[in-house]
Amino acid sequence: MVLGKTIFISILSRIVKAKKILVIDFDLVNNNLYTMYGVNSMPRSMKDKLKDDEYLSEFRLNERNIEKLLVKVSHKIDLISSVKYVFDENYILKHEKIEEMIEKLKEKYDLILIDTTSDIRYQKLMKELINISSKTICLVEGNLVCMKKTKELLETNRQNTKKINIIYNKKNKYTIEENVLKMVFFKYKFIGMLSYDCKYDKIINKNLNALYITSNIEKEFTKIANKLT
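Under the numbering used here, the first residue of the sequence shown is numbered 4, with each subsequent residue one higher.
What follows is the structure in structure tokens.
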């Protein structure tokens, strides 16, 4: 099971201790967070309205309209999954508008988690989201190819090293030792490890039902959540 950033952020939102959490799916290519949670991609009241091109054009003029796309996942988690209806491809790259939107949402939530895309077509968007975030999480697998790729990406983007957090992902008996990974990424903060576990597939297929989050998975995520908050 490949534990990717989407399933990671989904489980983290369940585990982290915060009164009110907003999850924003800014992965414009693989928009899967709503599937993970087992909810609709947007409120039903908005589906027909956004089919109207005239309404959609007016909708995009005001970034505060993004709040109309809120979907309730649980008593503490809200989700915005359809950001593509708020921003067109050109508008989304404007840093000031994205930052203004996030700052407005911060007034209502204790924690905002953002899922980004790794598609090279949206690298500028990814950099802007990282810049306005207080913390960035990188999932690194313990093999030479993934470690090299991640290291090059971090050095190329030249982000503030103090806010980058490294998680050793999919650790098993065949991957590189933990101390080696820590040495390679010594510039950054190491906040935890996630073991390879085929039970993640069951969690996904059951829409992140808490009953299927095993004690080992919960323990690993709890350690990470405690270091992030």
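We put the CB at the ideal spot given by N, CA and C, even for glycine.
Handout entry: Supposed contact pair Tyr191 and Thr164 - C-beta distance, whole angstroms, cut 8 Å
Key = Distance from Thr164 to Tyr191 at the Cβ level is roughly 6 Å; contact confirmed, criterion being Cβ atoms closer than 8 Å.
Handout entry: Inter-stretch contact (C-beta, 8 Å, three-pair minimum) for the region 114–132 and the region 27–43
Key = Yes, since at least three Cβ pairs between the region 114–132 and the region 27–43 fall closer than 8 Å, the two stretches touch.
Handout entry: Counted within 10 angstroms of its Cβ, other Cβ atoms place Lys172 as buried (16 or more) or exposed
Key = Sequence check: residue 172 is Asn here, not Lys. Buried: at least 16 other Cβ atoms inside 10 Å.
Practice task
With DSSP as the reference, label Met4 as helix, strand or coil.
Solution key: Unreliable placement is indicated for Met4, whose pLDDT of 37 sits below 50; no coordinate value is reported for it.
Handout entry: Val32 vs Asp122 beta-carbon contact at 8 Å
Key = Contact flag set, yes.
Problem - Range of the contiguous beta strand (DSSP E) that encloses Thr139 - result: 139–144 is the span of the beta strand (DSSP E), which, as asked, contains Thr139.
Exercise for the section: Identify every residue that forms a DSSP beta bridge with Met196. Expected result: According to DSSP, which records beta bridges pairwise, Met196 is partnered with Tyr171.
Problem - Nearest-angstrom Cβ-Cβ length linking Ile69 and Met104, presumed shorter than 8 Å - result: So it is a contact: roughly 6 Å between Cβ atoms.
Handout entry: Residue of Val148, Met196, Ser85 minimising C-alpha distance to Leu36
Key = Looking at Val148, Met196, Ser85, the one whose alpha-carbon comes closest to that of Leu36 is Ser85.
Practice task
Would you check if the distance between the CB atom of Asn179 and the CB atom of Met196 is smaller than 8 Å?
Solution key: According to the sequence shown, residue 179 is Ile rather than Asn. No. Outside cutoff.
Handout entry: Close Cβ partners of Leu59 (< 6 Å) along its chain, the five nearest in sequence each way excluded
Key = Residues Leu53 of the same chain have their beta carbon placed closer than 6 Å to that of Leu59, with the five preceding and five following residues left out of the count.
Exercise for the section: Compare the C-beta of Asn43 against all C-beta atoms of chain D and say whether one is closer than 8 Å. Expected result: Of the chains in the structure shown, none is chain D; there is only one protein chain.
Exercise for the section: Give a single yes or no on whether Phe188 has its beta carbon closer than 7 Å to a heavy atom of the ligand MG. Expected result: Here there are no bound small molecules, and the ligand MG is not part of this structure.
Problem - Residues of its chain near Val5, where Cβ-Cβ distance is below 8 Å and the 5 sequence neighbours each way are ignored - result: In this predicted model, Val5 has a pLDDT of only 43, less than 50, meaning its place in the structure is not dependable; the value taken from the coordinates is given anyway. The answer, listed in chain order, is Lys173.
Problem - Ile220 - containing beta strand (DSSP E), residue span - result: Per DSSP, Ile220 belongs to no beta strand (DSSP E); it is in the alpha helix (DSSP H), 218–231.
Problem - Terminal residues of the alpha helix (DSSP H) in which Leu132 lies - result: If you look at Leu132, you'll find it in the alpha helix (DSSP H) that goes 126–135.
Exercise for the section: Let me know the secondary structure DSSP gives Lys75 once reduced to three states. Expected result: Strand, per DSSP.
Practice task
Apply the 10 Å Cβ neighbour rule to Thr139 and answer buried if 16 or more other Cβ atoms are within range, or exposed otherwise.
Solution key: Thr139 comes out buried.
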